[in-house]
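To keep things clear, I will list the structure first and then write my remarks on it.
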Amino acid sequence: MSTGTDLRDWRKKFAVIWSGQLFSILTSSIAQFAFVLWIGMETGSAKVLAYATIAGLLPQILLGPFAGVFVDRWSKKATMIAADSFVALCSGIIALLFYWNLLELWSIYVLLALRSVGGAFHSPAMKSAIPLLAPKNQLVRIAGINEIIQSVSLICGPALGAYFLLTYNMSMIMLLDVFGAFLACVALAFVRIPKADKTELSTASVFKDMVDGGRIMLRNKPMSWIMLSEIIARFFIFPVIAVTPLLTLNYYKGTPYQVSLVEIIFGVGLLAGGGLLALLNQRFRKISLTIAGYIGLGVTLMVCGLLPPSFFTLFAALTVFQGIAVPLYEGSITALIQKQFETRHLGRVFGLMGSICQIPAIIGLLFTAELADKLGVQNVYIAGGAALCFCAVLVVCIPSVRNLER
Numbered sequence: 003m004s005t006g007t008d009l010r011d012w013r014k015k016f017a018v019i020w021s022g023q024l025f026s027i028l029t030s031s032i033a034q035f036a037f038v039l040w041i042g043m044e045t046g047s048a049k050v051l052a053y054a055t056i057a058g059l060l061p062q063i064l065l066g067p068f069a070g071v072f073v074d075r076w077s078k079k080a081t082m083i084a085a086d087s088f089v090a091l092c093s094g095i096i097a098l099l100f101y102w103n104l105l106e107l108w109s110i111y112v113l114l115a116l117r118s119v120g121g122a123f124h125s126p127a128m129k130s131a132i133p134l135l136a137p138k139n140q141l142v143r144i145a146g147i148n149e150i151i152q153s154v155s156l157i158c159g160p161a162l163g164a165y166f167l168l169t170y171n172m173s174m175i176m177l178l179d180v181f182g183a184f185l186a187c188v189a190l191a192f193v194r195i196p197k198a199d200k201t202e203l204s205t206a207s208v209f210k211d212m213v214d215g216g217r218i219m220l221r222n223k224p225m226s227w228i229m230l231s232e233i234i235a236r237f238f239i240f241p242v243i244a245v246t247p248l249l250t251l252n253y254y255k256g257t258p259y260q261v262s263l264v265e266i267i268f269g270v271g272l273l274a275g276g277g278l279l280a281l282l283n284q285r286f287r288k289i290s291l292t293i294a295g296y297i298g299l300g301v302t303l304m305v306c307g308l309l310p311p312s313f314f315t316l317f318a319a320l321t322v323f324q325g326i327a328v329p330l331y332e333g334s335i336t337a338l339i340q341k342q343f344e345t346r347h348l349g350r351v352f353g354l355m356g357s358i359c360q361i362p363a364i365i366g367l368l369f370t371a372e373l374a375d376k377l378g379v380q381n382v383y384i385a386g387g388a389a390l391c392f393c394a395v396l397v398v399c400i401p402s403v404r405n406l407e408r
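Quick look at the structure:
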């Protein structure tokens, strides 16, 4: 359990961790974008891209609840280092297969799935370690800075990934990902992460612990409603993400350059939203920021779907506000979970939450094309925006959720 002494130098600890994570996340973003672009150029198949994405998501859905149980048992620091090392190993194997020209389609799916296994353990370990390192009143600020790091990778990753793919070979790019993971492990090695309170986990079965994790989540009624709103939001957001290039190309009659421009503008919005979250965390309740994020994203999505095809410039401008809105609710919900549940339970809670919320991603990837063809790409945006506004109404109308933190 963290003590006053442990928390006194939390800024220094996070500076070390974030420096390593920034390089790791950025190099992973570069490698991922270059890899996806390479697959698209080599196969020209949207189906292959969809299956590759599913391969990267499915292990996190299946392993998330179990990973959370083990994260609560194990050292958070050792788990993160092991997860980063495993991802680096998979990237190294991909680099060798590229170098030897032995990469097959089936091996792409397998290695992407294996890389995702590392993520299934790293994400709940990182999120559950944060309350052990920082004061509770700084959790939203930290969530905002984490969103900034993610945003930087989202802005720079695609641009650098395309440049490296045209300048170097894929073997070199995947080795860059290995180097980024190595830096993250070195940074973590220099940080002491306090241990959570001891629990009964050492004698319980893994399956029982996983079920207990679900019960822990459901016992907290306000957070159960918030998690339900997040599930609904993700169910509709992933189709929107998938059809955004089609909206630019087909509805707004844009060019590939404009598709890239929209993605970069969205990343700039995420960066601004992360900074805004870090600034507002002391002035507003987290539930208020969550509601503001839902409404902001929902309204801008509906407006983008309702705009005439000649209004591309306004569409691109509104994308910035979409990016700003996402960290407001994502970061606030993460901070609420960290504050509402005991640190010894956070691994299981985040593991289950990650699995449950990734399921809509699979459904969205499988059915988005059919929905867009039947409804029209712009109507997918309108439906997604309306769903997010409904999530805001859901949170507002339930007293236990509305009055959370009061």
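End of the sequence shown sits at 408 in the numbering used here; the numbers just go up one at a time, nothing left out. Virtual Cβ for every residue (Gly too), placed ideally from N, Cα, C. All values reported here derive from a predicted model rather than from experimental measurement.
Bounds of any alpha helix (DSSP H) do not take in T257, whose DSSP letter is neither H nor E.
The shortest CA-to-CA distance from L303 to any of Q284, S290, V328 and R285 is the one to V328. Around the beta carbon of C92, a 10 Å sphere encloses 16 or more other beta carbons of the protein chains shown; the residue is thus reported as buried. When only Cα atoms are considered, G159 and Y165 end up about 10 Å apart. By a beta-carbon distance limit of 8 Å, R346 does not contact G70. Their separation comes to about 12 Å.
DSSP, reduced to helix, strand and coil, places E265 within a helical segment of the structure shown. Rounded to whole angstroms, G387 and F237 show a C-alpha spacing of 12 Å. Taking the Cα positions, Y296 is about 40 Å away from M174.
Contact check for F100 and M176: beta-carbon distance about 7 Å, within the 8 Å limit, so the pair qualifies. Shown here, L278 sits in a helix according to DSSP, grouped into three states. Buried is the label assigned to K129, since at least 16 other Cβ atoms lie within 10 Å of its Cβ. By the CB criterion at 8 Å, T315 and A145 fall outside the cutoff. As the crow flies, the alpha-carbon of G276 is around 18 Å from that of E232. Cα atoms of G298 and F16: separation of roughly 30 Å, rounded to the nearest angstrom. Annotation for G307: the continuous alpha helix (DSSP H) segment containing it runs K288 to L308. Within the segment 107-148, the alpha helix (DSSP H) runs of at least 4 residues that lie entirely inside it are, in chain order, 107-135. Distance from I195 to F343 at the Cβ level is roughly 18 Å; contact not present, criterion being Cβ atoms closer than 8 Å. Counting only the Cα atoms, G300 lies some 14 Å from F317. Per the C-alpha coordinates, the member of E332, A235, I339 and I267 positioned closest to V395 is A235. Within a 10 Å sphere around the beta-carbon of F37 sit 16 or more other beta-carbons, which makes this residue buried. In this structure, A90 places its C-beta atom within 8 Å of the C-beta atom of V180. For G386, the enclosing alpha helix (DSSP H) has its first and last residue at V379 to C399. Close CB contacts of I132 within its chain, under the 8 Å cut and outside five residues either way in sequence, are with L141, I144 and Q340 (chain order). Check the Cα spacing between I384 and each of R285, C306, P401 and F286: the tightest is with C306. Separation of P137 and W12 (C-alpha to C-alpha, rounded to the nearest whole angstrom) is 8 Å. Within the model, the alpha-carbon separation for L273 versus V18 is close to 20 Å.
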